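Q:
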Amino acid sequence: MKKILITLLLPLCASTMFAQTAKKTTLTRKTTTTKTAGTASSKPIIFKSSLDSASYAFGLGMASNMKSGGINGLNYDMLLQGCKDAFAGKMPAIDKAKSEAAINNFVSNITKQKFAPTIAAGKAFLENNKKQAGVQVTASGIQYQVITKGVGATPKATDSVTVHYRGTLLNGTEFDSSYKRNEPTTFPLDRVIPGWTEGVQLMQPGAKYKFVIPYKLAYGESGAGQDIPPFSTLIFEIELLKINGK
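Per the working numbering, residue 933 is the first one in the sequence shown, and the count goes up by one each step.
1. Quick one, are the C-beta atoms of I1051 and Y1147 less than 9 Å apart?
2. For the beta strand (DSSP E) that T1043 lies in, which residues bound it at each end?
3. Contact between the region 1107–1118 and the region 1085–1099: three or more CB pairs below 8 Å?
4. Hey, how far is the Cα of T1165 from the Cα of A1025?
5. Contact between the region 1057–1077 and the region 1014–1031 is defined here as three or more beta-carbon pairs at a separation below 8 Å; is this criterion met?
6. Per the DSSP calculation, G1177 is bridged to which residue(s)?
7. May I ask you to check if the CB of A986 is nearer than 8 Å to at least one heavy atom of the ligand PLP?
8. For the alpha helix (DSSP H) containing V1132, list its first residue and its last residue.
9. For L1102, tell me which candidate among F979, F1168, I1035 and A1034 has the shortest Cα-Cα distance.
10. Going by the beta-carbon positions, is the gap between G1152 and F1143 smaller than 9 Å?
11. How big is the Cα-Cα spacing for L1011 and K975?
12. I'd like the list of long-range same chain contacts for L1006, defined as Cβ closer than 8 Å, with 5 residues on each side in sequence excluded.
13. Compute the distance between the beta-carbons of Q1136 and G1082, then report whether it is under 9 Å.
14. Identify which residue in N1114, L1149, G1001 and N1004 has its Cα closest to the Cα of W1128.
15. Quick one: what does DSSP say A1052 is sitting in, helix, strand or coil?
16. Do you know offhand how far T1100's Cα is from N1004's?
17. Kindly give me the distance between the Cβ atoms of V1067 and Y1141, rounded to whole angstroms, as I take these residues to be in contact under 8 Å.
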């Protein structure tokens, strides 16, 4: 995953995550069958028109997408009422902001339950690591250890910097390394994850630090691609080569 850190990863709302999941699945299930499979009821479903079969297919597709995203059930009366109100053009019972907040909170809670072991592992690692010799902790919760001291001024958040770095998960899996590419990376310090923005400002040119960054200051609840799972606490070794200014 080349230069994953030079792109600012803004916090993604849970509704956006769900929408992206939904885009990946198309309605490809056959609708000509007259019986449901895998249900307790043997009562056949009769499709009297293309509207019937399309309506069933829409419901099946939406539910399949939601289920693949971790949603195992809803209040179906409320779901149907929302559909009816939208198609009828009625005034919604809740406004757009409250609707988005409800979806975000609901999906966020499901995601947290799914990745509870990852969250717990991060907390345990941070708790143990802060007891190690030489480890310092910032007010925000970033932990760092000075490997090599630098000389000179420290960068500002508005500065561009040139660094070498290596990033790993808590289990040691490396997800990115400028050392392996033999190519230092240059980027504006205010365009990377918060843990980097804050951490690199502690450094001087020539310094090399080891950082442990909690998930909230890394890639948050969404993670980054296939390499960094959601809620991942991350470890970085960063070497500040140069401060380039604004």
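Just so it is clear, CB atoms sit at the ideal spot from N, CA and C, and this is done for glycine as well.
Because the structure is a prediction, the values reported are computed rather than measured.
A: On the basis of the supplied data:
1. Taking 9 Å as the cut-off, the beta carbon of I1051 is found closer than this to the beta carbon of Y1147.
2. For T1043, there is no enclosing beta strand (DSSP E); the residue is found in the alpha helix (DSSP H) stretching over K1028 to K1046.
3. A contact exists between the region 1107–1118 and the region 1085–1099.
4. For T1165 and A1025, the distance between alpha carbons rounds to 39 Å.
5. Here the region 1057–1077 does not lie against the region 1014–1031, with fewer than 3 beta-carbon pairs under 8 Å apart.
6. Looking at the DSSP assignment, G1177 forms a beta bridge with S1092.
7. In the structure shown, the ligand PLP is absent, as is every other ligand, since no ligand is present at all.
8. Where V1132 is concerned, the enclosing alpha helix (DSSP H) starts and stops at P1126 to V1132.
9. Selection F979, F1168, I1035 and A1034 evaluated against L1102 yields F1168 as nearest (Cα-Cα).
10. Cβ distance not < 9 Å, so G1152 and F1143 don't count as in contact.
11. When rounded, the distance between both Cα atoms is 23 Å.
12. Excluding the 5 residues flanking it on each side, L1006 has same chain C-beta neighbours closer than 8 Å at M998, in chain order.
13. Going by beta carbons, Q1136 and G1082 fall inside the 9 Å limit.
14. When each option's Cα is compared against that of W1128, the closest is L1149.
15. The three-state reading of DSSP puts A1052 in helix, counting H, G and I together.
16. The alpha-carbon atoms of T1100 and N1004 are separated by roughly 33 Å.
17. Wrong, their Cβ atoms sit about 11 Å apart, outside the cutoff.
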